[in-house]
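Just below is one structure, and these are the notes that go with it.
Structural data, given as structure tokens:
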């Protein structure tokens, strides 16, 4: 029983990373119409920036600076590489662009920081267990879940109540009309892209504290994150979070009984959802609902 | 009267198909000008070209003293041009209030309070989703959104489409109100008698060219032409 709980909780943590990644992917997919294959790259950027800055800023400073760095690099990428391709209606162009970018970021990381895994130091206080029975629930893992919860709630409130958020939601439906109402849609899309990269960077820093840093850490997280979007329903942000948590926990539970199938179960869930509910769990009501 | 909008020889394409063949038209300050023509004559494309949504590939568009031919849509809007698209284009998954908040509000006499004063129904329903509104309410919302930009020019693309006659009268009353407030209006319509009733001047488009221009009174007097126009439209 404890093993099951242990694996399920591990799966939940993994699911949290999927959910953060899937949220950013879904934002960028909906408003920028970009299937961002480089999203794992922004996760890596966030993680390694935090690793490099931690000696100067401390853990908490790095936790903020890493994701911000990923967002700034996201802004630059959007401005100079993605924006020129918006005029081409075929999503293949940006897919190929970001696919290439993902390879470049991974190799650059390898060149700068080395191919070996690096440990990301977290404060000792966060390393201790919250309870002796549930030894696997460390302070850090509680922090990961807590931060993600806050970020998801914050994002929801931003989309619901701020002018920027309302415009992002409107733009996912009809960007042209948003533009004709005087909104600078280039800026809107740039901010949205950066926001997605910020979430990826945050996932990177949080994941680094548990999994350590390796150059391919992003590419190993991106496919399950796409699956999370499909399971949750394309266009639904709540669905992206839900999808991420579901496949994470499912993979964790599977590890208890049949570890070799823990990766396959993710795709099995996707298959079942696609057969029973092709639009995903929450995809039917349309964008951002 | 000074000219606030002038299009000269505008050429527009959708992909490879050539839609507008040198359209020229102008709107003066506080003038209501209507553009008539059959389905597929290029009326909506003309509006889209003026608004920068289908950027002209030839010719020029000048609005409020600026050459806006190559401008993106949002810059044209910020210059003081409101646009009510064909089919209203309400954000159905946003509330009425959220729909209004999308607009880049510019200082001026049009603010949320004034808009709700002009369209009390929208005020009553500001928490409802756009898709829950009736056609008439959606049209009001589509007009209210760009009003918050405090525009000096308003482009309206078939505001009467699919609305009950009583509601259409209401919309036309709003158009008159806008003119009384100092706006210039370019009105694309299928409903010929309706638009001639409110407009000062009229253009007729056919096959992407201006085939007639004159005062609304002259055109109304030309029964044969009105008949032909009206007969060619689906609704009348």
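Chains as they are written, first to last, in the working numbering: chain P, 1 to 289; chain W, 1 to 236. Using N, Cα and C, we set each Cβ at its ideal position, and we do this for glycine too. Just so we're clear, the structure is a prediction, and the values are computed from it rather than from any experiment.
About 24 Å separates the beta carbon of residue 30 (chain P) from that of residue 83 (chain W), a gap too long to meet the 8 Å contact definition.
Chain W places a beta carbon closer than 9 Å to that of residue 177 (chain P), counting this residue as a contact. If you draw a 10 Å sphere on the C-beta of residue 225 (chain P), you find 16 or more other C-beta atoms in it, and that means buried.
Judged by DSSP in its simplified three-state form, residue 93 (chain W) adopts coil rather than helix or strand. Where residue 24 (chain W) is concerned, the enclosing beta strand (DSSP E) starts and stops at 17-28. For residue 139 (chain W), the enclosing alpha helix (DSSP H) has its first and last residue at 135-147. Judged by DSSP secondary structure, residue 153 (chain W) falls within the beta strand (DSSP E) whose first and last residues are 153-157. The three-state secondary structure of residue 63 (chain W), taken from DSSP, is strand. By the CB criterion at 9 Å, residue 32 (chain P) and residue 193 (chain P) fall inside the cutoff. Residue P:199 holds the alpha-carbon nearest to the alpha-carbon of residue 73 (chain P) among P:251, P:261, P:214 and P:199. Taken through DSSP and simplified to helix, strand or coil, residue 276 (chain P) comes out as helix. Inter-residue distance for residue 21 (chain P) and residue 84 (chain P) is about 25 Å (C-alpha atoms, whole angstroms). Going by C-alpha positions, residue 26 (chain P) is about 37 Å away from residue 153 (chain W). The stretch 127-141 of chain W makes contact with the stretch 86-102 of chain W, as at least three CB pairs between them are under 8 Å. Beta-bridge analysis with DSSP links residue 8 (chain W) to W:60. At a cut-off of 9 Å between C-beta atoms, residue 209 (chain P) does not count as an interface residue with respect to chain W. Around the beta carbon of residue 159 (chain W), a 10 Å sphere encloses 16 or more other beta carbons of the protein chains shown; the residue is thus reported as buried. Sixteen is the threshold: when 16 or more other Cβ atoms of the shown chains lie within 10 Å of the Cβ of residue 133 (chain W), as they do, the residue is buried. Along the stretch 181-210 of chain P, the positions whose C-beta sits under 7 Å from a C-beta of chain W are 181, 182, 183, 184 and 185, read in chain order. In the three-state DSSP reduction, residue 79 (chain P) falls in the helix class (H, G or I).
Among the bridge pairs identified by DSSP, residue 138 (chain P) is matched with P:129. Your pair residue 165 (chain P) and residue 74 (chain W) does not check out as a contact, with CB atoms roughly 18 Å apart and the cut at 8 Å.
Taking 9 Å as the threshold, the shortest C-beta distance from residue 96 (chain W) to chain P does not fall below it. Following the DSSP letters along the chain, one finds residue 206 (chain W) inside the beta strand (DSSP E) bounded by residues 201-206. Residue contact with chain P for residue 13 (chain W): absent (no Cβ-Cβ distance below 9 Å to any residue of chain P). Looking at the DSSP output, residue 32 (chain W) sits in a beta bridge with W:185. Residue 22 (chain W) and residue 11 (chain W) do touch by the CB rule: their CB atoms are close to 6 Å apart, below 8 Å. Within chain P, not a single residue places a beta-carbon under 9 Å from that of residue 66 (chain W); the smallest gap is close to 15 Å. Counting the other CB atoms within 10 Å of its CB gives residue 157 (chain W) a total of 16 or more, which places it among the buried residues. The shortest C-alpha to C-alpha distance from residue 15 (chain W) to any of P:15, P:88, P:221 and P:2 is the one to P:88. Proximity of chain P to residue 78 (chain W) at the Cβ level (cut-off 8 Å) is accounted for by 182, in chain order.
Contact with chain W is found for residue 166 (chain P), since one of that chain's Cβ atoms lies less than 9 Å from the residue's Cβ. Cα atoms of residue 46 (chain W) and residue 20 (chain W): separation of roughly 7 Å, rounded to the nearest angstrom. Closest by C-alpha distance to residue 36 (chain P), out of P:282, P:124 and P:97, is P:97.
For the pair residue 106 (chain W) and residue 148 (chain W), the CB atoms are nearer than the 9 Å cut-off. The CB of residue 173 (chain P) comes closer than 7 Å to the CB of 91 and 93 in chain W, given here in chain order.
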